[in-house]
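Take 68 as the starting number for the sequence shown in the working numbering and just add one per residue.
All C-beta atoms in this analysis are idealised placements derived from N, C-alpha and C, irrespective of residue type, glycine included.
To keep things clear, I will list the structure first and then write my remarks on it.
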Amino acid sequence: MICVPIIAETTEQALKDMARAEAFADLIEIRADYIRNPDLGKILGAKNKPVIVTVTPKKENGNFTGTEPERTALLRQAVDLGADYIDISINCPELGTLIEYCRDTKSIVSYHNYRETPADIPDTLKKLESTGADIIKIATFANKLSDCLKIFDLIRNSRKDIIALCMGEKGELSRILGPVYGSFLTFGSLETGLESAPGQIPAQVLKDIYRVDREPGFDLYGLIGNPVSKSRGYILFNSLFRQYGLNSLYLNFLVDDIDDFTRYFQGMLSGFSITMPLKQDLMYILNDIAPEAEKIGAINTIVKDKGLITGYNTDINGVIDPLLERTPIKDKRVTLLGAGGAARAAAVGILRKGGRLTILNRTVSKAEALAGELGCDFGPLSDFETLKTDILINMTAVGMFPNVDQTPVDTVPVKDMVVFDGIYNPEKTKLLTEAEKNGCVIIPGINMFIHQAAEQFRLWTGIEPDTDQMKKILDDFSAKKTHEQNPDSENWG
Ligand code: NAP
68 MICVPIIAET TEQALKDMAR AEAFADLIEI RADYIRNPDL GKILGAKNKP VIVTVTPKKE
128 NGNFTGTEPE RTALLRQAVD LGADYIDISI NCPELGTLIE YCRDTKSIVS YHNYRETPAD
188 IPDTLKKLES TGADIIKIAT FANKLSDCLK IFDLIRNSRK DIIALCMGEK GELSRILGPV
248 YGSFLTFGSL ETGLESAPGQ IPAQVLKDIY RVDREPGFDL YGLIGNPVSK SRGYILFNSL
308 FRQYGLNSLY LNFLVDDIDD FTRYFQGMLS GFSITMPLKQ DLMYILNDIA PEAEKIGAIN
368 TIVKDKGLIT GYNTDINGVI DPLLERTPIK DKRVTLLGAG GAARAAAVGI LRKGGRLTIL
428 NRTVSKAEAL AGELGCDFGP LSDFETLKTD ILINMTAVGM FPNVDQTPVD TVPVKDMVVF
488 DGIYNPEKTK LLTEAEKNGC VIIPGINMFI HQAAEQFRLW TGIEPDTDQM KKILDDFSAK
548 KTHEQNPDSE NWG
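Below is the structure:
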């Protein structure tokens, strides 16, 4: 079940938010500590879905500034008015009498820890079980991804119904997998910006993208890197899994401790994407590597097949596939701006397809080194002015948000040139806008993201996804800003 917490400041706003939440929530949590002079009669009188009433004091990271007797009185009032559940903190001095008072209302006894997931958390579970409350709630903070595993153990071992989760970005997977493993509910925000705890995911994302009501027994995929919160892979892959009728799930894993990941999670995954800064760090787990990935010296995709782990680099597909949709590459004069990681993938791809490549870079020595290794020409960015170019590829960061007024070269591309920009924020860079004005064929960076993801999907599932459909998935999701998990996206990789 998905429970949407309401953190409105007035009764009127709470009523409005509750009505909105009821459209997709299974339960509503009224955070009475946020509401000034809450009118619980009005709120509970208007409910169409089961309601939990919570009054969390300031000292426990809530908003209630009244006395303990006032808090207890509010919770008793909630019971009298027909709340379906009340949540009572383990620290509440009146815990025992409130549990007894509950009658038809179910009692939830809760433990929150905003700093860590302590090693002795199983003892806390026993303590909560012994209170006689109907339901246990344990919310801790994840400092490591593996803290989520402690939470899954609690769910498995609890003798009562239990709500268990880890807060914080590394706890995100507990909010998604918790209900699948048997947590009584998971909390999801009404919309982005209305989270009642760190790491909370919008309820509609939990429902429509992660499908937390799924049955166990699915294949798990994910993105590992740091940061990962800006990635849009979770939208794309989970929507594709749904579209192709696959009960698979794609999650973000914020990995700053590679040993924690490889020890506890690598084995759970059927495959995964790798983003910065880990693209070169996981070579040691591979049984095999695709030749292109070996040439690039970096992997962005792991495929597991019958126990064998193979590394791929689909950034090549990200550059080559959208280009081939618009132009042949063989024997074309290709000017590549940049000599970093993305440029390296583009260069390997262009040379494989028989393009005549010149690499231009701000730091010429880097262009020289890459060109020397791969066997092509090089020069400074200013060489673009005199170079004859059929295909221009920008793989520098110039023109990316917030520097949207910049272009990597001063000369504007001319008619008949195909201009590809790796940057996807903004969707159309100044370089592309000017090129389009001059009659060039332009290819925005979102195509790179989509095509590298399409190849990942193909490697994992054997299904060739429709890239137009993938673009539509991203466009549709962007249109629903209020449901977006990470609205200020700069790195979708
Ligand atoms: P990187 O390894 O850090 O390389 C950055 C490149 O940009 C270098 O060639 C660097 O030149 C150049 N550069 C940076 N600032 C510059 C400036 N002010 N003037 C001139 N050149 C400058 O980064 P990367 O991973 O290759 O990424 C490069 C670009 O590709 C980014 O814009 C990224 O968004 C894009 N990308 C897109 C996708 C996608 O899916 N669409 C995927 C990956 C990357 P120096 O060597 O002189 O520093």
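Whether residue i touches residue j by CB criterion (7 Å)
i	j	result
F19	P532	One cannot answer for residue 19 here, as it falls past the ends of the chain, which runs 68 to 560.
A434	A406	yes
V295	L321	yes
I202	I175	yes
N351	Y317	Asn is not the amino acid found at residue 351; the sequence shown has Tyr there. Contact flag unset, no.
S213	D327	yes
V508	R400	no
D348	N367	no
G385	Q519	yes
F445	I417	no
F219	C70	no
S256	P269	yes
V486	F451	no
I110	A81	yes
S306	I97	no
M462	I490	no
D106	T78	yes
V481	N505	yes
Spatial distance of residue i from residue j (CA atoms)
i	j	result
P344	D324	12 Å
R299	V465	22 Å
I157	N115	29 Å
Q144	D190	32 Å
R281	Q267	19 Å
K193	G163	16 Å
W559	T342	Residue confidence for W559 is low, a pLDDT of 43 falling below 50, so the modelled location carries little weight; the figure read from the coordinates is stated next. C-alpha separation (whole angstroms): 9 Å.
I458	K538	23 Å
E361	I530	24 Å
K173	P265	26 Å
D84	E236	25 Å
C159	A231	19 Å
P72	L390	47 Å
T132	I302	40 Å
T184	G238	10 Å
I153	P283	29 Å
G149	K495	55 Å
Among the options, nearest to residue i - alpha-carbon criterion
i	options	result
A412	A438, K125, K397	A438
S337	Q536, N314, G199, R170	N314
N224	C233, C507, Y248	Y248
A521	P475, R87, D388, V481	D388
Y181	V471, S197, A209, G199	A209
V120	L404, K126, L94	L94
S263	Y311, E494, A99	A99
I356	T534, I376, Q519, D372	I376
Y178	I188, D450, W527	I188
F339	M234, G378, T253	G378
T534	N514, A546, T528	N514
T430	V272, D286, P447, C70	P447
N380	E359, S449, K297, T134	E359
I102	G422, E76, T453	E76
E440	A414, E127, K455	A414
D488	T500, T478, W527, I291	T500
Beta bridge counterpart(s) of residue i as assigned by DSSP
i	result
Y152	I119, K173
A86	Looking at the DSSP assignment, A86 forms no beta bridge with any residue, so it has no partner.
N319	L290
Min CB distance residue i to chain C below 7 Å
i	result
K547	Of the chains in the structure shown, none is chain C; there is only one protein chain.
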